[in-house]
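Q: Just so you know, the UniProt record's numbering puts 741 at position 741 of the sequence shown, and the rest follows in order with no gaps.
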Amino acid sequence: MKEIELRLALVFYGGVSLAIYMHGVSREVLNLVRASSYRLDRRTNGTGQETAGPDLSPVQSAFTELLDLVSGAADVRVVVDAIAGASAGGVNGIMLARAIAHDLPLDSHSRMWLEKADVTRLARPQSGLSRYLKISISPVLDQLISTRLDKQIESAETREKLRHFMQARWFTPPFSGKRFIGWMLDACQKMERDGEEQRTLIPRGQTLDLFVTLTDYNGIKRRIHLDDPDFVEEWDHRRILNFHAVHRSPGLVESQFATENIPELVFAARATSSFPGAFPPSTVAEMERVLERYDLPWKHRDAFLQRGLGLAPEVVSQHCFVDGSVVMNKPFAPVIQVIQDRPAAREVARRLIYVDPAPVEPAETNGLAREVPGFFRVILASLAHIPRNEPIGDDLKELEQSNRRSRWLAQLIDSAGPMVEEAVKGLLPKRRTVTPEMLSKCRKDATGAAFEQAGFAFLNYQSLKLHALAERLAGLTVELSGIIGAQKHEEAVLARFSQHFSRLTVESTDLLGRTDPYILALLRGLDVDYRIRRLRFVVRKLNGFYHFEPESGLPPPDTEALDHMKGLFYDQIDHLGWRWKELFFGSSCRGMAAQLVSDLAAGRPTSRDQVVQLVASLTQMMGLADLDRLHDELFAETARELLDKERHASLLRAYIGFGFYDLITFPVLQRNDFSEVTEILVDRISPRDADSLYTEGFDLKGKSLNAFGAFFNRGWREHDYLWGRLNAADRLVSVVLSAAGGGALPQMQINQARARIFLAILEEERGKLTEISEELERVDVLIRTIYPDFAHVAEEA
Numbered sequence: 001m002k003e004i005e006l007r008l009a010l011v012f013y014g015g016v017s018l019a020i021y022m023h024g025v026s027r028e029v030l031n032l033v034r035a036s037s038y039r040l041d042r043r044t045n046g047t048g049q050e051t052a053g054p055d056l057s058p059v060q061s062a063f064t065e066l067l068d069l070v071s072g073a074a075d076v077r078v079v080v081d082a083i084a085g086a087s088a089g090g091v092n093g094i095m096l097a098r099a100i101a102h103d104l105p106l107d108s109h110s111r112m113w114l115e116k117a118d119v120t121r122l123a124r125p126q127s128g129l130s131r132y133l134k135i136s137i138s139p140v141l142d143q144l145i146s147t148r149l150d151k152q153i154e155s156a157e158t159r160e161k162l163r164h165f166m167q168a169r170w171f172t173p174p175f176s177g178k179r180f181i182g183w184m185l186d187a188c189q190k191m192e193r194d195g196e197e198q199r200t201l202i203p204r205g206q207t208l209d210l211f212v213t214l215t216d217y218n219g220i221k222r223r224i225h226l227d228d229p230d231f232v233e234e235w236d237h238r239r240i241l242n243f244h245a246v247h248r249s250p251g252l253v254e255s256q257f258a259t260e261n262i263p264e265l266v267f268a269a270r271a272t273s274s275f276p277g278a279f280p281p282s283t284v285a286e287m288e289r290v291l292e293r294y295d296l297p298w299k300h301r302d303a304f305l306q307r308g309l310g311l312a313p314e315v316v317s318q319h320c321f322v323d324g325s326v327v328m329n330k331p332f333a334p335v336i337q338v339i340q341d342r343p344a345a346r347e348v349a350r351r352l353i354y355v356d357p358a359p360v361e362p363a364e365t366n367g368l369a370r371e372v373p374g375f376f377r378v379i380l381a382s383l384a385h386i387p388r389n390e391p392i393g394d395d396l397k398e399l400e401q402s403n404r405r406s407r408w409l410a411q412l413i414d415s416a417g418p419m420v421e422e423a424v425k426g427l428l429p430k431r432r433t434v435t436p437e438m439l440s441k442c443r444k445d446a447t448g449a450a451f452e453q454a455g456f457a458f459l460n461y462q463s464l465k466l467h468a469l470a471e472r473l474a475g476l477t478v479e480l481s482g483i484i485g486a487q488k489h490e491e492a493v494l495a496r497f498s499q500h501f502s503r504l505t506v507e508s509t510d511l512l513g514r515t516d517p518y519i520l521a522l523l524r525g526l527d528v529d530y531r532i533r534r535l536r537f538v539v540r541k542l543n544g545f546y547h548f549e550p551e552s553g554l555p556p557p558d559t560e561a562l563d564h565m566k567g568l569f570y571d572q573i574d575h576l577g578w579r580w581k582e583l584f585f586g587s588s589c590r591g592m593a594a595q596l597v598s599d600l601a602a603g604r605p606t607s608r609d610q611v612v613q614l615v616a617s618l619t620q621m622m623g624l625a626d627l628d629r630l631h632d633e634l635f636a637e638t639a640r641e642l643l644d645k646e647r648h649a650s651l652l653r654a655y656i657g658f659g660f661y662d663l664i665t666f667p668v669l670q671r672n673d674f675s676e677v678t679e680i681l682v683d684r685i686s687p688r689d690a691d692s693l694y695t696e697g698f699d700l701k702g703k704s705l706n707a708f709g710a711f712f713n714r715g716w717r718e719h720d721y722l723w724g725r726l727n728a729a730d731r732l733v734s735v736v737l738s739a740a741g742g743g744a745l746p747q748m749q750i751n752q753a754r755a756r757i758f759l760a761i762l763e764e765e766r767g768k769l770t771e772i773s774e775e776l777e778r779v780d781v782l783i784r785t786i787y788p789d790f791a792h793v794a795e796e797a
């Protein structure tokens with residue numbers, strides 16, 4: 001059976017009270033991921049026999065039926081690689097990421113939005129003379145509401161709450177940041193599952209990344225080097241917080257979304273959604289006061305401030321943060337960057353899905369000139385509307401260029417395959433069992449042959465590898481130094497490594513550097529990324545073994561053996577990746593790094609011996625020679641036991657011939673992600689795109705009152721939350737069908753699957769959404785009207 005990983009990257013826009021719609025969307029993403037995970041992992045648990053897993057909700061069961069339906073075309077596993085959010089989208093992204101990382105429910109977050117995201121509960125308490133004076137202007141407010149806002153505010157509840165809101169303090173933010181923090185802490189804590197083993201929806205060996213945008217009101221001064229003057233300085237106000245979780249092995253999830261990380265997650269939620277004028281700016285001191293009231297520790301406070309915000313503890317009080325949408329409302333760039341370097345366990349379909357509750361409507365000007373905007377309208381647009389609506393075209397254009405390059409590289413690799421096979425097949429013995437020692441020699445011989453045949457093109461390849469290694473070592477040295485603000489001196493550290501490598505090249509007795517013992521020793525001891533690229537390339541080869549063609553003469557593939565083999569490769573990729581992490585190294589390396597960085601920071605002279613000794617110490621700690629021997633054993637012995645003879649030989653040829661491919665691809669990519677060269681397709685979730693249940697004149701309630709509308713009416717929040725779930729379900733069904741190639745399925749079956757999911761959503765929410773019972777019944781009738789085939793089947797059942 002064809003198996004596909006549908007890997008999602010999610011981008012949540014800002015949108016004030018449209019956060020409630022986006023929360024509905026996040027509920028359905030979680031439902032689909034959980035249904036997929038339980039279906040493929042929890043039921044069989046790798047034993048071949050079904051085991052009892054956690055109970056699925058009606059919607060999750062309906063998504064499972066959809067995945068079963070498309071399994072005839074492809075068995076789909078849905079994985080979330082990355083989530084990015086700004087403002088209201090950042091809050092929902094944080095909660096969704098935590099739910100996926102630890103397989104937690106979002107019910108407490110739903111209750112928070114529906115019950116507490118009300119203007120009367122968000123607003124800070126009012127009392128005293130100012131409130132008494134403002135009550136006297138109620139008739140004026142009534143007149144304003146009835147004449148200027150009549151079409152938007154027909155609800156008596158909304159009129160009354162708007163009146164109270166306008167009587168709040170003037171010239172101070174009306175909403176309470178402390179209340180919001182308290183609600184988020186409660187929602188996060190209520191997500192926990194007491195007494196249960198640690199679970200996750202992240203596949204083994206994979207990582208989930210979360211990006212949240214903030215605006216640092218005070219900013220940090222950045223120095224940019226020029227020719228004349230030597231440098232300029234500018235203020236940087238953009239912050240992008242990055243949280244991640246890694247599923248390293250069964251029962252072991254290395255996570256920044258755990259219970260002990262709740263304070264920094266809630267701080268990120270408070271800061272990213274600090275809408276200017278509505279909330280006061282967010283500060284660390286405010287967060288600490290609320291935590292003290294809740295008697296909760298902030299275990300990772302200093303590490304978070306240094307890692308996430310680049311702030312030393314002594315300067316934290318000098319910074320406050322406002323809404324992330326001010327500087328980055330549509331955070332595409334972080335997720336595009338991270339998913340291009342994210343491996344998959346099988347054939348992969350990548351989708352970047354962005355959630356836009358209020359897409360731009362086509363303008364109808366009728367040829368008339370637009371009026372010149374007034375004084376306050378220009379100020380409001382410049383401060384709020386325009387910054388929050390920066391175009392996404394540049395990011396998507398860059399993505400399309402990456403897709404074109406992926407297609408070209410895939411063709412290049414496939415075209416080079418026969419030539420490389422021919423070049424290396426004579427190196428492997430035909431009748432003797434390949435031992436790890438023999439494989440090591442074959443690998444070195446093949447790499448040497450590749451470099452020899454490259455001619456002068458090898459100069460470019462070698463110089464790029466040395467430059468990439470210098471950059472890696474400079475970044476590692478700065479981290480190892482442990483000096484606050486060391487990042488400012490990374491360019492100087494890079495210059496020292498580059499000078500050392502350039503000198504090695506100049507002093508080389510080999511004009512092209514192919515056989516120089518010092519350069520070879522340097523790369524063999526420190527070039528971690530070459531090994532990672534090699535393993536990922538082999539994973540790409542292994543992915544091709546899942547496809548079975550009877551005419552090939554090969555036996556059907558053992559998919560469990562392939563999965564096991566791939567898991568071993570990912571373990572080794574993980575071990576290699578740790579070589580670039582600060583925690584991998586001991587005090588000796590740290591001391592040398594600190595001395596080099598501090599000398600450069602103080603302007604003291606540094607010697608070549610300092611770099612040579614640091615390189616030698618890092619080489620010894622990395623132990624890549626031992627890993628190379630382990631990899632040779634893995635390919636020569638373990639792979640022979642798991643694979644049939646032909647596939648094993650093909651895998652060995654890919655492993656020993658990698659040097660040929662790297663010569664072709666690395667100068668183009670200059671990174672480690674070419675193993676999959678997969679296109680990333682873009683989809684949008686919005687009311688306009690989910691057309692299965694669309695009716696004329698439909699709109700979200702939260703769009704009213706300058707996107708604050710849902711905060712004034714419980715029924716409006718329920719309406720937008722429900723439609724967030726329905727719209728997301730509609731779009732996710734389409735994405736699954738597209739990824740699986742399910743276009744050949746009978747339309748009646750697709751309609752039935754879609755209708756089951758829609759009705760399951762209504763089933764889950766009926767009785768909870770108490771203010772919109774009429775809307776629930778209207779949607780129920782609408783579903784059964786649009787999908788009469790389903791209604792007929794349901795009645796017969």
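From the three backbone atoms N, C-alpha and C, an ideal C-beta is built for every residue, glycine too. None of these values were measured; they are calculated from a predicted model.
Sorted by chain position, which residues of the same chain lie with C-beta nearer than 8 Å to Asn586's C-beta, five sequence neighbours on each side aside?
A: Going by the sequence as given, residue 586 is Gly instead of Asn. Within the same chain, Gly586 has close Cβ partners Met621.
Q: Report yes if the CB atom of Lys190 is closer than 8 Å to the CB atom of Ser108, and no otherwise.
A: yes
Q: Following the continuous alpha helix (DSSP H) through Ala101, name the residue where it begins and the one where it ends.
A: From DSSP, the alpha helix (DSSP H) with Ala101 extends over 88-102.
Q: Can you tell me whether Gln462 is buried or exposed? The criterion is at least 16 other CB atoms within 10 Å of its CB, across all chains shown.
A: buried
Q: Which same chain residues end up closer than 6 Å to Arg342 when comparing Cβ atoms and leaving out the 5 residues on each side of it in sequence?
A: Asp81
Q: Going by the DSSP bridge assignment, what does Leu241 pair with across the sheet?
A: Val212
Q: Mind reading off the beta-carbon distance from Gly59 to Glu764? Whole number of angstroms is fine, and I expect it under 8 Å.
A: Gly is not the amino acid found at residue 59; the sequence shown has Val there. Between Glu764 and Val59 the Cβ distance is about 6 Å, and since that is below 8 Å, they are a contact.
Q: Mind checking which residues open and close the beta strand (DSSP E) that includes Phe708?
A: Membership of Phe708 in any beta strand (DSSP E) is not indicated, and neither H nor E is assigned to it by DSSP.
Q: Verify the contact flag: Glu292, CB atom, against every heavy atom of the ligand SAM, threshold strictly below 7 Å.
A: The model depicted lacks the ligand SAM and carries no ligand whatsoever.
Q: What alpha helix (DSSP H) runs, 4 residues minimum, are completely inside the stretch 255-328?
A: 262-272, 284-294, 301-309
Q: Which residue marks the beginning of the alpha helix (DSSP H) containing Asp628, and which one marks its end?
A: 624-633
Q: Where do the N-terminal and C-terminal ends of the beta strand (DSSP E) with residue 812 fall, by residue?
A: Outside the modelled stretch of the chain, which goes from 1 to 797, sits residue 812, for which no answer is possible.
Q: When we look at the beta-carbon of His564 and count the other beta-carbons within 10 Å, is it buried (16 or more) or exposed?
A: exposed
Q: First and last residue of the alpha helix (DSSP H) that includes Ala601?
A: Ala601 -> alpha helix (DSSP H) spans 587-602.
Q: Take the Cβ of residue 798 as the centre, count every other Cβ of all protein chains shown within 10 Å, and call the residue buried at 16 or more, exposed below.
A: Residue 798 lies beyond the stretch modelled for the chain, which goes from 1 to 797, so this question has no answer here.
Q: What does the alpha-carbon distance come out to for the pair Lys330 and Gly85?
A: Approximately 7 Å, taken between the alpha carbons.
Q: Check Ile573 in the structure and name its three-state DSSP category.
A: helix
Q: Does Leu535 get closer than 8 Å to chain C when you measure Cβ to Cβ?
A: In summary, chain C is missing from the structure at hand, where a single protein chain is found.
Q: Whose CA, out of Val284, Tyr294, Asn751, Pro359, lies closest to the CA of residue 841?
A: The displayed coordinates of the chain run from 1 to 797. Any statement about residue 841 would go beyond what the structure contains.
Q: Could you spell out where the alpha helix (DSSP H) holding Arg647 opens and where it closes?
A: 645-656
Q: Going by DSSP in three states, Phe548 sits in which element: helix, strand or coil?
A: coil
Q: Where does Phe231 sit, in a helix, a strand or coil, going by DSSP?
A: strand
Q: Give me the residue from Thr606, Asn218, Arg98 with the minimum Cα distance to Val253.
A: Arg98
Q: Count Cβ pairs between the stretch 311-327 and the stretch 218-238 that sit closer than 8 Å; are there 3 or more?
A: yes
Q: Starting from the N-terminal side, write out each stretch of the alpha helix (DSSP H) that is 4 residues or longer and does not extend beyond the stretch 456-509.
A: Runs of the alpha helix (DSSP H) inside the stretch 456-509: 457-481, 490-507.
Q: For residue 807, which three-state DSSP category applies?
A: Outside the displayed range of the chain (1 to 797) lies residue 807, so it cannot be described from this structure.
Q: Is Phe584 helix, strand or coil when you go by DSSP?
A: Judged by DSSP in its simplified three-state form, Phe584 adopts helix.
Q: I'd like to know whether the C-beta atoms of Ile757 and Leu737 end up nearer to each other than 8 Å.
A: no
Q: Got a sec, what are the start and stop residues for the alpha helix (DSSP H) Ile4 sits in?
A: Looking at the DSSP string, Ile4 is not in any alpha helix (DSSP H); the run it does join, the beta strand (DSSP E), is 3-12.
Q: Under DSSP, the beta strand (DSSP E) around His681 begins and ends at which residues?
A: The sequence given here places Leu at residue 681; His does not occur at that position. Per DSSP, Leu681 belongs to the beta strand (DSSP E) from 680-685.
Q: Along the chain, where does the alpha helix (DSSP H) containing Val360 start, and where does it finish?
A: Where Val360 is concerned, there is no enclosing alpha helix (DSSP H), given that its DSSP letter is neither H nor E.
Q: Decide if Met22 is buried, meaning its Cβ has at least 16 other Cβ atoms within 10 Å, or exposed.
A: buried
Q: Once you ignore the five residues that flank Glu679 on each side, which residues in its own chain have a CB closer than 8 Å to its CB?
A: Arg350, Asn403, Ser406, Arg407
Q: For my contact list, Phe91 and Ala19 are in at a C-beta cut-off of 8 Å; report their separation, rounded to the angstrom.
A: Going by the sequence as given, residue 91 is Val instead of Phe. About 6 Å; that satisfies the 8 Å criterion.
Q: With DSSP as the reference, label Gly85 as helix, strand or coil.
A: strand
Q: My output table needs one value for Ile783: the three-state DSSP class, helix, strand or coil.
A: helix
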